[in-house]
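*Asks:*
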Amino acid sequence: MEEFLYHRIDIPKRSEIDVEVQALYNENPMPAAFHVIKVAPALDKMPTLRDWFAENGLSVHTIALINMKPGQVQSIHVDYSDSDIAFNYPIKGCDTSVTRFYKNKGTKTVKYTPNTNLPFYEYVDENPEQVGEYVLTDPVILNIKMPHSVKNYGLVNRICLSFRFKNDPWFLIGKGKP
Ligand SMILES: [Fe+2]
459 MEEFLYHRID IPKRSEIDVE VQALYNENPM PAAFHVIKVA PALDKMPTLR
509 DWFAENGLSV HTIALINMKP GQVQSIHVDY SDSDIAFNYP IKGCDTSVTR
559 FYKNKGTKTV KYTPNTNLPF YEYVDENPEQ VGEYVLTDPV ILNIKMPHSV
609 KNYGLVNRIC LSFRFKNDPW FLIGKGKP
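Take the sequence shown: its position 15, counting from 1, is numbered 473 in this note's numbering, and each next residue is one higher.
(1) With three or more beta-carbon pairs closer than 8 Å as the criterion, would you say the segment 589–604 touches the segment 464–473?
(2) Per the DSSP calculation, residue 429 is bridged to which residue(s)?
(3) Out of 524, 612, 608 and 505, which has the shortest C-alpha to C-alpha gap to residue 474?
(4) According to the neighbour-count rule (16 or more other Cβ atoms, all chains shown, within 10 Å of its Cβ), is residue 519 buried or exposed?
(5) Among 553, 580 and 569, whose alpha-carbon lies nearest the alpha-carbon of residue 611?
(6) Along the chain, where does the alpha helix (DSSP H) that runs through residue 473 open and close?
(7) Who does residue 580 pair with in a DSSP beta bridge?
(8) Using DSSP's beta-bridge definition, name the partner residues of residue 515.
(9) So for residue 644, helix, strand or coil by DSSP?
(10) Can you list, in chain order, the residues of its chain with a C-beta nearer than 8 Å to that of residue 627? Leave out the 5 residues immediately preceding and following it.
(11) Tell me which residues share the same chain as residue 618 and place their Cβ nearer than 8 Å to its Cβ, disregarding the 5 neighbours each side in the sequence.
(12) So what does residue 600 bridge to, in DSSP terms?
(13) Would you call residue 526 buried or exposed, if buried means 16 or more other Cβ atoms sit within 10 Å of its Cβ?
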């Protein structure tokens with residue numbers, strides 16, 4: 459069966475949420491590469507998004523601001539997480555970046571990010587085979603257990619907000635967990 463890669467989410471009141479998310483970012487204008495922020499105060503700043511989570515039974519356990527420098531390319535990796543799905547929301551500079559997915563057929567080794575010391579699985583494959591890609595112009599859910607890599611080919615930092623939930627929101631793609 460084909461692996462789930464990503465799915466764009468059509469959220470109501472998107473323009474209101476955009477304003478709330480921007481206000482949250484303005485408090486952390488140049489966050490670390492993966493900058494974890496406290497859940498409750500962050501959701502207080504984003505009441506419209508919090509309401510949408512509540513209406514859909516989504517309980518947030520992690521929120522992070524992700525910052526990628528102009529020209530930065532992530533090595534192909536698999537996230538080190540209890541969650542299989544992330545929900546990512548674009549903040550700025552995202553339209554000149556691309557997230558690519560690769561067939562899961564290589565080897566994975568735990569490594570740590572240089573400054574932030576966060577674990578991830580380095581994915582090694584002599585012949586990586588791309589299976590999909592998207593540009594983060596809308597909120598998306600994505601499968602962070604598939605090898606993936608983001609490239610920021612723009613001239614400005616790429617900033618997005620990333621959520622993990624206590625239960626993966628497979629229902630948002632209209633099917634149960636495979
Ligand atoms: Fe990742």
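All residues carry an ideal CB built from backbone N, CA and C; glycine is no exception.
Fair warning: this is a prediction, and the values are worked out from it, not measured in the lab.
*Replies:* With the structure as the only source:
(1) Counting C-beta pairs with one atom in each stretch, the segment 589–604 and the segment 464–473 have three or more that are closer than 8 Å, which means they touch.
(2) Residue 429 lies beyond the residue range present for the chain, which begins at 459 and ends at 636; the question has no answer from this structure.
(3) Here the closest residue by C-alpha is 505.
(4) If you draw a 10 Å sphere on the C-beta of residue 519, you find fewer than 16 other C-beta atoms in it, and that means exposed.
(5) Among 553, 580 and 569, the Cα nearest to that of residue 611 belongs to 553.
(6) Run containing residue 473: 472–484, per the alpha helix (DSSP H) assignment.
(7) According to DSSP, residue 580 bridges with 535 and 567.
(8) Its beta-bridge partners do not exist; DSSP assigns none.
(9) Outside the modelled stretch of the chain, which goes from 459 to 636, sits residue 644, for which no answer is possible.
(10) Cβ within range, chain order: 514, 516, 543, 545 and 599.
(11) Taken in chain order, the residues that qualify are 523, 524, 546, 547, 548, 549, 552 and 594.
(12) Residue 600 pairs with 464 and 544.
(13) Residue burial is scored here from C-beta neighbours: residue 526 has at least 16 other C-beta atoms within 10 angstroms and is therefore classed as buried.
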